[in-house]
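Read in order, the letters of the sequence shown are residues 7 to 432 in the working numbering.
Ideal placement from N, C-alpha and C gives every residue a C-beta, glycine not left out.
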Amino acid sequence: MFERPNSGGENAILVSITFSSDIDQPPLNEFAELATSTGVKLVASITATRVTPDPKSFIGSGKLAEIEAMIAENEVDVVLFNHTLSPAQERNLERILSCRVLDRTGVILDIFAQRARSFDGKLQVELAQLKHLSTRLIRGWTHLERQKGGIGLRGPGETQLETDRRLIGGRIKAINKRLSKVTQQRELSRKARNRAQLPLISVVGYTNAGKSTLFNSLTKASVFAADQLFATLDTTLRRMTLPNNSAIILADTVGFIQQLPHNLIAAFRATLDETREADLLLHIVDASDAERQLRIEQVNEVLTEIGAAEVPQIIVYNKIDKLDNCPARYERDANGKINKVWLSAVTGAGIDFLTQALTERQNNATCKIRVPVNAGDIRALLYAEALVLDEKYADNGDSLIKVQISADLLNNINKRNIHGLESTGW
7 MFERPNSGGE
17 NAILVSITFS
27 SDIDQPPLNE
37 FAELATSTGV
47 KLVASITATR
57 VTPDPKSFIG
67 SGKLAEIEAM
77 IAENEVDVVL
87 FNHTLSPAQE
97 RNLERILSCR
107 VLDRTGVILD
117 IFAQRARSFD
127 GKLQVELAQL
137 KHLSTRLIRG
147 WTHLERQKGG
157 IGLRGPGETQ
167 LETDRRLIGG
177 RIKAINKRLS
187 KVTQQRELSR
197 KARNRAQLPL
207 ISVVGYTNAG
217 KSTLFNSLTK
227 ASVFAADQLF
237 ATLDTTLRRM
247 TLPNNSAIIL
257 ADTVGFIQQL
267 PHNLIAAFRA
277 TLDETREADL
287 LLHIVDASDA
297 ERQLRIEQVN
307 EVLTEIGAAE
317 VPQIIVYNKI
327 DKLDNCPARY
337 ERDANGKINK
347 VWLSAVTGAG
357 IDFLTQALTE
367 RQNNATCKIR
377 VPVNAGDIRA
387 LLYAEALVLD
397 EKYADNGDSL
407 IKVQISADLL
417 NNINKRNIHG
427 LESTGW
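Structural data, given as structure tokens:
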């Protein structure tokens, strides 16, 4: 039995099989980008067509022989499959090829492990890794004695596996407990934003569509942005002031990808809460992608899976600088709302159209309210339901409050007809 390395090898072979029954096969070039992001050197790729996967080794004996020859010729350390393999298939492939084998989920998990930076992001990645590993423990111990059956006949390998499963189970419980606290903290922050009536705008889209670059351009933040898949994993929230002086919270989220592993969706559910609870989604699309419509559909599928399908969207076609004769512009829907914006986050062209769209969608505005001394309940209501920006006091004791408030709340306050209550600057 070969010795399995502690980390991914340097030389890798990509395997991508087209099945007649699979209409959503992820493209090989995208998988090659994923593989390169892990740090491996791609020495060859193998493609084939089959009707259905082989239940034991996923591919046929002919392709197995071809891969074996390539492994020997190129000193390959790892074989990467652009598919989801069962634990048994991975184990059988490693035994036959005498080489480490990783499926699509394993590759994405490796990238996430490298890119996670925040405390909760690292916890979420570790949770996904452990859940993935828990079904594949046996393959790492095939050189040890197996259980023979009966008391006194259980080998050390079985004992080790039981110990590992127990340790992994305990670690998963500990991580879930910590993540529950993170979720509670996020919920408290969300309630605080709701009290202040600050709308949450979540930036979503296919990975490498330019979400973080656009986020930085809008908020003047310094979130890491690069031309690579999954450059950003951790959710970042920043306050943004619109031209009408109203404020919003903009959230940069993890990018989506075709056939995103279910373990990752489950692990990042706390992070994706920012998407599900958003008042508006900025769906960023790479305008230069020939399959951009397919990417939109794939992102919408993930949004449906996490319960965010009903959140209103503005489609933002980014990277128009890579297209010929594609000016910055916006389009309106049947109700007169801006629902599509064409821009370039790199050059800044069209950013003003996006801020215009956000301003039109924003129902809050900033005004000054004079609250009489005998209307303490109004003052308390403003602090509870609106965003108080500043407060001063008149000579007679009246409160002069600068506040960001919704039109509905202001109308309700004005309907009370309290003597001395005034609002200006709406």
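**Request:** Would you give the residue range spanned by the beta strand (DSSP E) that aspartate 292 belongs to?
**Result:** 286 to 292
**Asked** First and last residue of the beta strand (DSSP E) that includes alanine 18?
**Response** 17 to 25
**Message:** Need the endpoints of the alpha helix (DSSP H) that lysine 408 sits in, please.
**Reply:** Counting along the chain, lysine 408 falls outside any alpha helix (DSSP H), though it belongs to the beta strand (DSSP E) covering 405 to 412.
**Request:** Would you identify the three-state DSSP class for asparagine 337, choosing helix, strand or coil?
**Result:** The sequence shown places glutamate at residue 337, not asparagine. DSSP places glutamate 337 in strand when its eight states are reduced to three.
**Asked** What beta strand (DSSP E) runs, 3 residues minimum, are completely inside the stretch 296 to 367?
**Response** 319 to 324, 335 to 338, 344 to 348
**Asked** For threonine 90, does the three-state DSSP call read helix, strand or coil?
**Response** coil
**Message:** Starting from lysine 398, trace the beta strand (DSSP E) in both directions and tell me its first and last residue.
**Reply:** 393 to 399
**Item:** Exposure of valine 379, with buried meaning 16 or more beta-carbon neighbours within 10 Å
**Value:** exposed
**Message:** Assess contact between the stretch 290 to 298 and the stretch 202 to 218, defined as three or more Cβ pairs (one per stretch) separated by less than 8 Å. Is contact present?
**Reply:** Between the stretch 290 to 298 and the stretch 202 to 218, the count of Cβ pairs shorter than 8 Å is three or higher; the stretches touch.
**Message:** In the DSSP output, which residue or residues are listed as bridge partners for glycine 211?
**Reply:** Ile290
**DSSP three-state assignment for valine 131, whether helix, strand or coil** = Under the three-state reduction of DSSP output, valine 131 falls in the helix class.
**Prompt:** Cβ atoms of valine 82 and methionine 76: under 8 Å apart, would you say?
**Reply:** yes
**Asked** Opposite lysine 47 in the DSSP bridges: which residues?
**Response** Asn17
**Distance, alanine 314 Cα to glycine 211 Cα** = 13 Å
**Request:** Identify which residue in Ala296, Leu99, Gly426, Leu364 has its Cα closest to the Cα of valine 21.
**Result:** Leu99
**Heavy atom of the ligand NAD within 7 Å of threonine 42 beta-carbon** = Absence of the ligand NAD is noted for the structure shown, with no ligands found whatsoever.
**Asked** So does the stretch 301 to 313 actually touch the stretch 329 to 337, counting three or more Cβ pairs closer than 8 Å?
**Response** no
**Prompt:** First and last residue of the alpha helix (DSSP H) that includes valine 113?
**Reply:** 110 to 121
**Message:** Whole angstroms are fine: how far does the CA of tyrosine 399 sit from the CA of lysine 179?
**Reply:** 53 Å
**Request:** State the Cα-Cα distance for the pair leucine 194 and alanine 257, rounded to the nearest angstrom.
**Result:** 16 Å
**Prompt:** Is arginine 367 near leucine 286, with beta carbons less than 8 Å apart?
**Reply:** yes
**Exposed unless 16 or more other CB atoms sit within 10 angstroms - verdict on serine 104** = exposed
**Message:** For a test of the three-state rule: what should DSSP assign to leucine 185, helix, strand or coil?
**Reply:** helix
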